[in-house]
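For reference, the structure discussed in these notes is given below.
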Amino acid sequence: MSSATLSAEYTSETNAPFKISKSIPLPSDTSVVNKQSYLNALRQSVIETQERINKELTNRMEEDNKRSNKKSSIDDAKEEDNYGEEVVSGEE
């Protein structure tokens with residue numbers, strides 16, 4: 011049985027690269043049930059790949075922050091609470 015491959019690759023000048031690859035078996039025939047099964051497997055593989063990418067990038071971001079060893083003047087918790095919201099900091 012042949013398969014399709016879902017892959018993602020990350021490279022950076024400052025962090026270790028990583029590669030994710032998932033093999034997804036192709037449907038054995040073109041029946042609707044087999045196509046649906048394949049698409050469900052593909053969808054699940056995309057979700058799992060995205061979760062792994064997010065973890066890898068978060069780890070690299072934390073490594074970068076440790077390397078820079080700088081204290082941010084921005085309160086991260088406050089920034090997260092206000093993410094996507096317009097914050098007015100005073101009258102003009």
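Each position in the sequence shown, counted from 1, maps to that position plus 10 in this note's numbering.
Every residue, glycine too, gets a C-beta built ideally from N, C-alpha and C.
The structure presented is a predicted model; accordingly, all values stated were derived computationally and were not measured.
In this structure the stretch 41 to 51 does not touch the stretch 16 to 27; the number of beta carbon pairs closer than 8 angstroms is below three. Residue pairing by DSSP places S17 opposite S31 in a beta bridge. Setting aside the 5 residues that flank it on each side, I63 is surrounded in the same chain by A18, Y20, I30, each with a C-beta closer than 8 angstroms to its C-beta; the list follows chain order. For T24, there is no enclosing alpha helix (DSSP H), as DSSP gives it neither H nor E. Taking the C-beta atoms as reference points, S33 is found nearer than 7 angstroms to S13. The alpha-carbon of E73 is positioned some 41 angstroms away from that of M11.
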